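Q: Below is the structure I would like to discuss, written out as structure tokens.
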Amino acid sequence: MSLLRRQDPLVCREVVELVTDYLEGSLSRADRRRFEAHLADCPHCTEYLAQMRATIRLTGRLEPEDLSAAMREDLGELYRRWRDQR
Ligand SMILES: [Zn+2]
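Sequential numbering from 6 applies to the sequence shown in this note's numbering.
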């Protein structure tokens, strides 16, 4: 994927797209650093990651197909909330 351009900081949308890779530990070390750097600065994505972890705890495993439907729903809501705050 050409999603990641080396020098640019991640934006929230990219963090959301990378979150399953992050949780599976399949990000490169550099991408993982950028992911965590974004989280350190972004309460929205920190909350999103916490929700993902909670979902995985509930289901006991990471199932991208099941999660993606739930994620799309959550995301729609999250982004609406973020826009409202601005
Ligand atoms: Zn963010």
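C-beta: ideal position from N, C-alpha, C; glycine also.
Quick caveat: nothing in here was measured; it's all calculated off a predicted structure.
If you compare alpha carbons, which of Cys17, Arg86, Arg62, Gly65 is closest to Arg39?
A: When only C-alpha atoms are compared, the closest one is Cys17.
Q: Ends of the alpha helix (DSSP H) at Val16?
A: From DSSP, Val16 is part of no alpha helix (DSSP H); its letter is neither H nor E.
Q: Evaluate Val24 with the Cβ neighbour count: other Cβ atoms within 10 Å of its Cβ, from every protein chain shown; 16 or more gives buried, anything less gives exposed.
A: Under this definition Val24 is a buried residue.
Q: Take the Cβ of Glu82 as the centre, count every other Cβ of all protein chains shown within 10 Å, and call the residue buried at 16 or more, exposed below.
A: Classification for Glu82: exposed.
Q: Closer than 6 Å between the C-beta and any heavy atom of ligand 1: which residues qualify, listed along the chain?
A: Output, sorted by chain position: Cys17, Val20, His43, Cys47, His49, Cys50.
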